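Residue numbers (this note's numbering), protein chains in the order written: chain Y, 1 to 122; chain B, 1001 to 1114; chain R, 2001 to 2461.
Virtual Cβ for every residue (Gly too), placed ideally from N, Cα, C.
Keep in mind the model is a prediction, meaning the values are calculated, not measured.
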Amino acid sequence: MDIQITATQHGTIGIAAPKDRIDAVNSRALRRHFDLALKKTNQFIFDCRKLDFLDSTGLGALVSCLNKANSAQGELCLFGINPKVKIIFELTQADKLFPIFTDMESALSSFANRKTSEELSQ
Amino acid sequence: MKIYQKILEDVCIIIPHGRLDASNTHYIQKSLSEEAEKEGRVVMDLSSLEFLDSSGLGAIISLLRRVKKNDGDMKLVCPADKIRRVFELTRADRMFDIYDDCEVAAKSFPRGKA
Amino acid sequence: MKTLLIVKEKEFSWLGSTFQNCHPLATQICKKPLLEYFIDFSILCGINDIRLATDAPTEELVDQFGQGSRWGISLDYSPVRETDELDEIIQKNSLYCKDSRLLVVKGFCFLHYDKNIDYKYFMHNVEPGELSSCETGSVRVMDDLSQSGTVPASDSPTLSLSPVSNVGDIHRLSMEILMDHSDQYVLPGYNNEDHIYIGHNVTIAKKAKIIPPVMIGNHVQIYGETVVGPGAIIGSDVIIDAHSSVQDSVIFDKTYVGEHLELKNKLLGGNLIVDPDTGTQVHLEDPHLLSQVKSSKKSLPLIHRIFHQITALLAVIIMALPYAAFALILKLQKRWLNEKETVFINSSGRTVELVRVTIKDDGLVGRIARSLSLERFPVLIRVMQGKLALIGSRALPADEENRKVLDEYQAYRPAAFSYAEAESWPAEDSDWEIVERFHLARRSLLRDYLMALKAVLNSFN
């Protein structure tokens, strides 16, 4: 599960696109890749369009990524969640933890908004 | 076991009485005359049957196959009771048209067939 | 007056993939099986005879509803063909339908009525014809005597039908009845407080919160800090762990709901969770989130299994020497073929690999080997291990098609010898299932023993 580091107008962003499922088998790899990527950036977008299923270990891994991003003063958001994964998020109330968007555009612009509001507050 | 037979117009009605099991399935096999087999309009009335085991069931099914070979059909008359349960349980009921009245079953064959 | 219910398998086949643990007509709406609503309504109409005409198997229904004596009525079942139209079904049940006014409910649907209304007068006097219909069904009164009745229009009670054609319908109907129409039906459970129905043996932790309207089944445990309701229908044998909430949701029987979960506008049963609006289904894999509460599964009694295993062990001991000798001789002649085959060992799809032996020799040696059932030796070892039964169903090769067969064949019990060969029955290929179902429903130790003996004797000839 690679995390690509891309430079955008909203800064450097790590983009991960998990496929099929995040579960006990691949969640450790996700954590490892995330730790590596965290050295380069603190803004992350998870493209979940191809994600079909999450088990509790996978969900745990996602939440730990979120926490790490937050403690690095960064952000992590999701987009393109399919109805199945949405049910799992709702059931476990994970939908209240993550900023969730419908597409890449709105996910990206959320970073922009945050940047501007930070600049304003400075 | 006794097997009664009657002809209602051109329909052959077979009425086994008593027990139908391995010891007497060959009677059932023989009960269908060649003529009736060709004619292909058979009703098997099971309302007087008291007991049916798997070989009896097998005999009834093989009779159906014989009739079907000549493009005929065999209808069953079977009141809702133990005997019908055997058909339901084994899903053999899917192979038959099952009636609760013998006369109606006999009349159900399409008319106008030579 | 009599009731004739007509339901075809194709009308509820959509249910098959969701909550499979009961017959579709036993699907619960507000914890009450669909069929029971029809029974209740028939009783309100003063009807004592109900017949269900269906092309679907009814064993489970018979187990659950029997002959209807629990309701003081007579309930029976009539098998029909998938293609039968209404008049053909009436014909097939002509003895039942004769000389009586008929209430005919056709289709997989829900009939709204009100238990406080006396329908007897209405039903006796209304003109024959359709009373109501919906996308998936209709209800009508039929009369072969065609006497026209008269009912003052103002007095006629309103009847309406709702389709039951997807999981969303089950959810919607359940919620509607629970929220607004619970006084129209007889619903299960004690009802001391308005809009709260609770079954027996229910434990609710002190810190749990119950907000009406709710229905809770029997043997339910609700742990601390949990919020149940408004709009919760909870089946029997359900556990809801701490810090969870259930709202506008239906939980079917035998379900465990883990901690810190939020159920809102969902249906769930076992580890399956369904969104009623979109129909999206998810099977969760974490038993600590959602799972099926274990119940003792119908399996072969221990003594049966031991009998099968010990008999196989004895057979293996007796056959070991001849097997070694004959296999060697025939292998040298290249007339002993081993083939591996993966077969299903139960109806839920577990598999095991078998070695199938074919003896391609019609000479004396081959005949003796076959009559000693030596080609079954490798399979008997599987029986000894308890993977297969000694006598039972034909072992079905593990493929997609057979997987579908097994979905409808819960009694499936693969074995070294099959009932079909014990009976030398039947001639046609597709009929083996019939004889297997016959014997599987009646199996006992003695019967199995005799059938196994028969199968062995058959191979002698």
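- Under a criterion of Cβ atoms nearer than 9 Å, the residues of chain R adjacent to THR1090/B are, in order, GLU2433, ILE2434, VAL2435, GLU2436, ARG2437, PHE2438, ALA2441.
- The CB of THR2280/R never comes closer than 9 Å to any CB in chain B; the least such distance is about 33 Å.
- Taking 9 Å as the CB threshold, GLU2285/R lines the interface with chain Y.
- The segment 1048 to 1066 of chain B makes no contact with the segment 2050 to 2062 of chain R: fewer than 3 CB pairs, one atom from each, lie closer than 8 Å.
- For PRO2163/R, the enclosing beta strand (DSSP E) stretches over residues 2160 to 2163.
- Around the CB of PHE46/Y, 16 or more other CB atoms lie within 10 Å, so the residue is classed as buried.
- The C-beta distance from ASP2286/R to ASP20/Y rounds to 17 Å, too long to meet the 8 Å contact threshold.
- For GLY2258/R, the three-state secondary structure derived from DSSP is coil.
- The Cβ atoms of MET2001/R and GLY2066/R lie no closer than 9 Å to each other.
- Along the length of the segment 1039 to 1070 of chain B, whole alpha helix (DSSP H) runs at least 4 residues long occupy 1054 to 1069, reported in chain order.
- In the DSSP secondary-structure assignment, ALA16/Y is bridged to ILE3/Y, PHE46/Y.
- GLN2333/R sits exposed, since fewer than 16 C-beta atoms from the chains shown fall within 10 Å of its C-beta.
- Bounds of the alpha helix (DSSP H) holding LYS68/Y are 56 to 71.
- For ARG1094/B and GLU2433/R, the gap between their C-alpha atoms comes out near 12 Å.
- Bounds of the alpha helix (DSSP H) holding MET2319/R are 2302 to 2332.
- Sequence-distant partners of ALA2232/R (beyond 5 residues in either direction) whose C-beta falls short of 7 Å from its own C-beta, in its chain, are VAL2214, VAL2246, GLN2247, SER2249.
- Around the beta carbon of PHE2108/R, 16 or more other beta carbons sit within 10 angstroms, so the residue counts as buried.
- Shown here, GLY1072/B sits in coil according to DSSP, grouped into three states, outside any helix or strand.
- A direct Cα-Cα distance of roughly 29 Å separates LEU66/Y from GLY2224/R.
- In the DSSP assignment, CYS2134/R falls outside any alpha helix (DSSP H) and lies within the beta strand (DSSP E) extending over 2129 to 2134.
- Using a 10 angstroms sphere on the CB of ILE1061/B, the tally of other CB atoms reaches 16 or more, which defines it as buried.
- Of all C-beta pairs linking the segment 2323 to 2339 of chain R to the segment 2403 to 2410 of chain R, fewer than three are shorter than 8 Å, placing the two stretches out of contact.
- Measuring C-alpha to C-alpha distances from CYS2030/R to each of ASN2271/R, LEU2086/R, VAL2343/R, GLY2235/R identifies GLY2235/R as the nearest.
- Here PHE101/Y is bridged, per DSSP, to PHE79/Y.
- Listed in chain order, the positions of the segment 50 to 69 of chain Y with a beta carbon within less than 7 Å of a beta carbon of chain R are ASP55, SER56.
- With a cutoff of 9 Å on beta-carbon distance, VAL2456/R and GLY2279/R are scored as not near each other.
- The C-beta of GLY2016/R has fewer than 16 other C-beta atoms within 10 Å across all chains shown, which makes the residue exposed.
- Three or more Cβ pairs drawn from the segment 2311 to 2323 of chain R and the segment 2363 to 2375 of chain R lie within less than 8 Å of each other, which places the two stretches in contact.
- Of all residues in the segment 87 to 98 of chain Y, only ILE87, ILE88, GLU90, LEU91, THR92, GLN93 come within less than 8 Å of chain R when Cβ atoms are compared, listed by chain position.
- In this structure VAL1086/B is buried. Its beta-carbon is surrounded by 16 or more other beta-carbon atoms within 10 angstroms.
- In the three-state reduction of the DSSP assignment, HIS2171/R falls in the helix class.
- Contact between the segment 2302 to 2317 of chain R and the segment 2265 to 2283 of chain R is absent, with fewer than three C-beta pairs closer than 8 Å.
- The beta carbon of PHE2438/R sits closer than 8 Å to those of TYR2419, all from its chain and outside the five residues before and after it, given in chain order.
- In this structure, ALA2422/R sits away from ILE2381/R, with a CB-CB distance that is not shorter than 9 Å.
- Bounds of the alpha helix (DSSP H) holding HIS1026/B are 1025 to 1031.
- Close to chain B, meaning a Cβ-Cβ distance shorter than 9 Å, are the following residues of the segment 2042 to 2062 of chain R: ARG2051, ASP2055, PRO2057, THR2058, GLU2059, VAL2062.
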